[in-house]
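Anchor point for the sequence shown: position 102 equals 86 in the numbering used here, and the numbering is continuous, going up by one each time.
Here is the structure we will look at, set down as structure tokens.
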Amino acid sequence: MSVRVVTDLEVTEAFKAVVAEHGHDMIYSRDLEPGESIYCKYVVDGKPSCLVAHILHRLGVPLDYLAVREGVDATRVLGRCGPDAPVDVTGLNISVSVRAANALSAAQSSQDAGHCWGSALARYESWMVF
-15 MSVRVVTDLE VTEAFKAVVA EHGHDMIYSR DLEPGESIYC KYVVDGKPSC LVAHILHRLG
45 VPLDYLAVRE GVDATRVLGR CGPDAPVDVT GLNISVSVRA ANALSAAQSS QDAGHCWGSA
105 LARYESWMVF
């Protein structure tokens, strides 16, 4: 499988496009199914659900790749986890910089804390100072 190197600028543009599409004031929420403990999910009903899922899917990451990694933070989903926490990234068709992976993880944490996607974008941008 060919892996496409995604630039930091492409990640940033995808992030901004998702926020523009859903609104700066968008606050992620969903109802938990009986027995579920993970609030934020990458994929629900075959569609991207959380902020990071929307961004990664826009960049070309397959939804089935994300769906089997529910509960794993963005840094690890992107294979940026270090030798002490390996994650199988078989099927990941993009590569992003460590900085972008860490910034996406910070944005994901902002979303998971109940902040709007505009605030998550600001947190992401604070990690991505060019």
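The beta-carbon is built from N, C-alpha and C at its ideal position, and this holds for glycine as well.
- The residues Ser33, Ala37, Leu47, Leu50, Ala51, in chain order, have a CB closer than 7 Å to that of Val27 in the same chain once the five nearest residues on each side in sequence are set aside.
- Within a 10 Å sphere around the beta-carbon of Asp57 sit 16 or more other beta-carbons, which makes this residue buried.
- Per DSSP, Ile11 lies in no alpha helix (DSSP H) segment and is marked neither H nor E.
- In this structure, the beta-carbon distance from Trp101 to His8 falls below 9 Å.
- The C-alpha of Glu17 lies about 12 Å from the C-alpha of Cys24.
- Here Leu43 is near Ala(-2), since their CB atoms are less than 9 Å apart.
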